[in-house]
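A.B. asks: Okay, handing you the structure first.
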Amino acid sequence: MARDGLITRPVRYIISGVLTLLLLAVSVFGLVMGYGAVGKPFPGFTVLPNNVVSIIWLPEWDGFQRGIKFGDAIVAVDGVRVGKGVDLNEEIAGKRPGQEVTYSILRGGEKIELTIPVSLFTLRYYVLIFPFFIFFGLVFFGLGVAVFLMKPDLASSRAFLFFCTLAGLTLAANPEYCVTHVFMLPMFTVIMSGPSLLLFGLYFPRKHGRLKTIALIAWSITAAILALNAIFFRVPRVFIVFDTLMVINNLLCCVTAIAIIVRDFMATDDPVVRQRAKVVLFSIGVSFTGVAAVLVGTNFLRVITIYWAFIPLTFFPLSMAYAIVKHNLFDADVFIVRSSSYLAVSALVMFISLLLISGFSLALRDISGFSSEIAALGTIFIMVVVFRPLRDHVDLAIERRFFRDKYEYQRAISEAGKILGSYIELDELLGKMLDTVMDAIKIARGFILLREREGGQFKLYALRDRSGGVPDDPDPTYYRSLDYEIEGIEHPLFRRLEIEGRAIQMNDIEEMPESDPDRLPMLRLMHELEIVAVIPVLFQEELIGILGLGPKMTGAWYSSGDEEILEALMTQTAVSIENAKKVEELKRMVQIETSYHELKKLDEMKDNFLSMVSHDLRTPMTGIVAYAQIIRSGLDDLGKEEQAKYLDVIIKQSKRLTRLINNLLDIQRLEAGKMTMASDPVDLKAVIRDAREAFRALAREKDVALRRETAEEDAVVIGDRDRLDQVLVNLLSNAMKFTPPGGEVTVSLALERGDRPLARVTVADTGPGVAEELRERLFDKFQQGDKLMRDKEQGSGLGLALVRQIVERHGGEVGVKSEPGRGSEFYFTLPLPGGNISEAGEVENVEENIGG
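Read in order, the letters of the sequence shown correspond to residues 0 to 851 in numbering that gives the first Met the number 0.
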């Protein structure tokens, strides 16, 4: 059998069902019996079965208009003695409506006579009495059953069910008890109502085991009064005495219960106990105020009946039911403050209205005969205009006075949502969010745990613990850090957070049945973490983390409004957390992919470099070694011309080897920032002229036309002449290497005007060109032009990289324009040091072709 606690589900349903059937049976019986009186004569007042006048009456009834009062005992009708309510009804049933009847009445030990006409019990009277009482009886009883079904294992809920059952039976049976006199149930239930409330006060808002003696005494007195009432029920004089004792006993029990609740409120620091007591005490004040108003209207104004008192009285069990079931009671505080606000505004408006009416009446009495009417209309107009601003002002004052901290922190937490869009880094996001929440709520300890994707463990991501005297603006080193993992979703606390999707407080766990297997481990974890509330962080109905909060510095629990705000905030935070995780994963993936591509690229570059360097080193070394061996082996046979020829080859290959080594060293020094550059004026025309002269012989040898085209103006830049020579030599070397016999290489110089005057040097060839996808890579280290675009002579892949490094160190740029099959144009620009350039692009063919 499934158990929810000490009382199993079937048992609670059986108890609730039996009591419900009992109340329904009493209600139906009363409705049926009461309907039988419709259309029949009745005295114009109602009496109990012993002919004592009851509290049930309507203002238009002749009996109360002629002087009948509650508690009068009817002893005779037209001289005929009657001892029971049934006798009175039978005597009146033989009379016709409107017939005058003389009643002998016993009131306070004296006999008086009153003449009252016979009335007719109409359907209207029936509807105003029977359904009314039965409805409120069902309300009282329904509240008790609802609380019992929700909290069956609480002693306070069972005591509340007992109190509500007695109240429900009393109200449901009372009309029939006072009209048709068949059912005697209210005589017993009314007597027990006060002690039942005292019993409830011993268990709510907290248990009082040592005060059970008071309850025992109260119930003993109640049992004695009940027995005496039953014995002397038919003797009105004695019955009225014991009935008065019953009223006194009920009042004493109610006062004692209220005193115990007040004592709990004053003597404890437990916020839950104080809030429960506050709700109940407020409801008592409202209920008794309403009852007092009904009594005034009944006894003095005589415009309403006493049973209208049940309307304000209903607020009492309603508030008790709320207080038992709901522990987050600051919601009730809002209601209390709002009610107080409206009462204050109403009283203020009434006072101002009286002053205005009086003032207007005095001012207008000599002007018009309608001064009162004009004063009333003027006052109404003024109050309509000022009521809303006045109420808003009072609301704001009360809100700031009683809910200042709550108002401020709710606003701060709402603004914390803006943080979610301001931070991408997960640690920074969670730390800032936690700081904002803790500062707003004013708590000393809080943390955020996130669920790891692998293993499902919950790991600490952010912690703030300011309980050790940390200053208002603490350094992060003040925060203690915990580095441990908490059991995953299998833990009952986290499992409930994910299933229920709402906040859980320590008080929720403490109110769980002790037989619940989840109660102890949940309490243990909450104590270990030093928190009183956990807020789930849910993403797509999956628990991805929790926000743990310590107690408020005010000592109060978190209200349902607090929980709603924090839950909404954590819902937004969950989205930000997932986004931050995705950003981190994306960054990780990009880093991994980038690293992979870089490593792959470096690996390729390394292979190319080793291949190129090994080839370039091996080629000249092979030539050097080979010709050196020829000279050595044939030293005696070789003539001087042949020896000189072979030595020229050795010298040429040695220079090539030296150039390769120098390029490697230059690249290394440039990247390390260790190569110094001179800052001297350099004439680019002279640089181009000298470079052309250096390649004159090679051009003729390869049958390549070498042209020079320069601008008329001088082109002087600031830089290192040797390095600029190196740039142009490297470009011409590549151009000559890849230009076929009969081709053409052109070196040109142009001056560009604009915001930044530039000198542009271009080396164009008529070689095979470079494919578009390869152009951007030409100036990278270890990229061979011949490997990328043409399978000819190999190079180290350092020449163009060195060109870019030198040009960029001079503040310029390098580039290439090329189309496959139509040659290439390699160019670099250098900034000119001021001055005006009249024309750009004007060139002068200063020299004839060399070579072809």
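Just so it is clear, CB atoms sit at the ideal spot from N, CA and C, and this is done for glycine as well. Please read all numbers here as calculations on a predicted model, not as lab measurements.
For the beta strand (DSSP E) that Val100 lies in, which residues bound it at each end?
C.D. replies: Start and end: Glu99 to Arg106.
A.B. asks: Can you list, in chain order, the residues of its chain whose CB lies under 6 Å from that of Leu730, leaving out five sequence neighbours each side?
C.D. replies: Cβ within range, chain order: Val762 and Phe825.
A.B. asks: Of all the alpha helix (DSSP H) runs that stay within the bounds of the region 482-545, which reach a length of 4 or more residues?
C.D. replies: You should have 491-499, 505-509 and 518-528.
A.B. asks: Have a look at the DSSP bridge pairing and note the partners of Pro116.
C.D. replies: According to DSSP, Pro116 bridges with Glu99.
A.B. asks: Taking DSSP's pairing of strands, which residues face Ile856 in a bridge?
C.D. replies: In this structure the chain extends from 0 to 851, so residue 856 is not present and cannot be described.
A.B. asks: Ile115 and Gly62: beta carbons closer than 8 Å?
C.D. replies: In contact: Ile115 and Gly62 (Cβ atoms closer than 8 Å).
A.B. asks: Less than 8 Å separating the beta-carbons of Ile260 and Pro311?
C.D. replies: Not in contact: Ile260 and Pro311 (Cβ atoms no closer than 8 Å).
A.B. asks: Assuming Val85 and His207 form a contact by the criterion Cβ under 8 Å, report the distance between their Cβ atoms to the nearest whole angstrom.
C.D. replies: Incorrect: roughly 45 Å between the Cβ atoms, too far for contact.
A.B. asks: Answer yes if the region 235-252 comes into contact with the region 281-294, meaning at least three C-beta pairs across the two stretches below 8 Å, and no otherwise.
C.D. replies: As far as the Cβ criterion goes, the region 281-294 does not touch the region 235-252, which means the pair count is below three.
A.B. asks: With DSSP as the reference, label Asp242 as helix, strand or coil.
C.D. replies: DSSP places Asp242 in helix when its eight states are reduced to three.
A.B. asks: If I measure Cβ to Cβ from Asp71 and keep anything under 8 Å in the same chain, skipping five residues before and after, which residues do I get?
C.D. replies: Val51, Val52, Ile104, Leu105 and Arg106.
A.B. asks: Quick check on this structure: which residue in Leu748, Val769, Leu750 and Glu700 has the alpha carbon closest to the alpha carbon of Gly741?
C.D. replies: Among Leu748, Val769, Leu750 and Glu700, the Cα nearest to that of Gly741 is on Glu700.
A.B. asks: So what does Ser156 bridge to, in DSSP terms?
C.D. replies: Ser156 is not bridged to any residue.
A.B. asks: Do Trp56 and Phe44 come within 8 Å of each other at the CB atom, strictly closer than that value?
C.D. replies: A contact, by the Cβ cut-off of 8 Å.
A.B. asks: List in chain order: all unbroken beta strand (DSSP E) runs of 3+ residues lying wholly within the region 803-829.
C.D. replies: List check, beta strand (DSSP E) in window: 812-817.
A.B. asks: Does Arg587 pass the burial test, meaning 16 or more other C-beta atoms within 10 Å, or should it be called exposed?
C.D. replies: With fewer than 16 other Cβ atoms within 10 Å, it is exposed.
A.B. asks: Once you ignore the five residues that flank Leu496 on each side, which residues in its own chain have a CB closer than 8 Å to its CB?
C.D. replies: Only Ile503, Val533, Pro535, Leu542 and Ile545 meet the Cβ criterion.
A.B. asks: Going straight from the alpha carbon of Pro174 to that of Ala217, what length do you get?
C.D. replies: Rounded to the nearest angstrom, the two C-alpha atoms are 28 Å apart.
A.B. asks: Rounded to whole angstroms, what is the Cα-Cα separation between Lys83 and Ala92?
C.D. replies: Near 14 Å, if we compare the C-alpha coordinates of Ala92 and Lys83.
A.B. asks: Does the pairing of the region 574-581 with the region 510-517 give three or more beta-carbon distances under 8 Å?
C.D. replies: They do not touch, by the three-pair rule.
A.B. asks: For my contact list, Ala770 and Pro819 are in at a C-beta cut-off of 8 Å; report their separation, rounded to the angstrom.
C.D. replies: 6 Å between Cβ atoms; contact.
A.B. asks: Between the C-alpha atoms of Leu142 and Ile13, what's the straight-line distance to the nearest angstrom?
C.D. replies: Going by the C-alpha atoms only, they are around 17 Å apart.
A.B. asks: Between the region 634-652 and the region 680-695, can you find at least three pairs of beta-carbon atoms closer than 8 Å?
C.D. replies: No: fewer than three Cβ pairs fall under 8 Å.
A.B. asks: Taking the C-alpha atoms as reference points, what is the distance between Lys110 and Ala166?
C.D. replies: When rounded, the distance between both Cα atoms is 34 Å.
A.B. asks: Does the Cβ of Pro9 have 16 or more other Cβ atoms within 10 Å, making it buried, or fewer, making it exposed?
C.D. replies: Burial call: exposed.
A.B. asks: What residues in its chain sit with their C-beta under 6 Å from that of Gly16, if we drop five residues either side in the sequence?
C.D. replies: Excluding sequence neighbours, Gly16 sits near nothing in its chain.
A.B. asks: How would you call Ala643, buried or exposed, if buried means at least 16 neighbouring beta carbons within 10 angstroms?
C.D. replies: Burial call: exposed.
A.B. asks: From this set, Glu527, Glu489 and Arg518, which residue's C-alpha is nearest Arg444's C-alpha?
C.D. replies: Minimum Cα distance to Arg444 is reached at Glu527.
A.B. asks: Take Val178 and list the residues in its own chain whose beta-carbon comes closer than 7 Å to its own, dropping the five residues that flank it on each side.
C.D. replies: Cβ neighbours of Val178 beyond the five flanking positions: Gly33, Ala36 and Thr45.
A.B. asks: Quick check on Phe827 - is its C-beta less than 8 Å from some C-beta in chain B?
C.D. replies: Absent from the structure is chain B; it holds one protein chain and no more.
A.B. asks: Would you mind giving the Cβ-Cβ distance between Thr188 and Leu168, rounded to the nearest angstrom? I have them listed as a contact below 8 Å.
C.D. replies: That belief holds up - the Cβ atoms of Thr188 and Leu168 are roughly 5 Å apart, short of 8 Å.
A.B. asks: Buried or exposed: which applies to Val126, given that a residue is buried once 16 or more other Cβ atoms fall within 10 Å of its Cβ?
C.D. replies: It counts as exposed.
A.B. asks: Consult DSSP for Ile91 and reduce its assignment to one of helix, strand or coil.
C.D. replies: DSSP places Ile91 in helix when its eight states are reduced to three.
A.B. asks: I believe Phe147 touches Gly29 by the beta-carbon criterion, under 8 Å. Please report the beta-carbon distance rounded to the nearest angstrom.
C.D. replies: Contact doesn't hold; Cβ gap of about 24 Å is too wide.
A.B. asks: Report the three-state DSSP secondary structure of Gly62 (helix, strand or coil).
C.D. replies: Three-state result, Gly62: helix.
A.B. asks: Where do the ends of the beta strand (DSSP E) carrying Ser747 lie?
C.D. replies: Its beta strand (DSSP E) spans residues Glu743 to Glu751.
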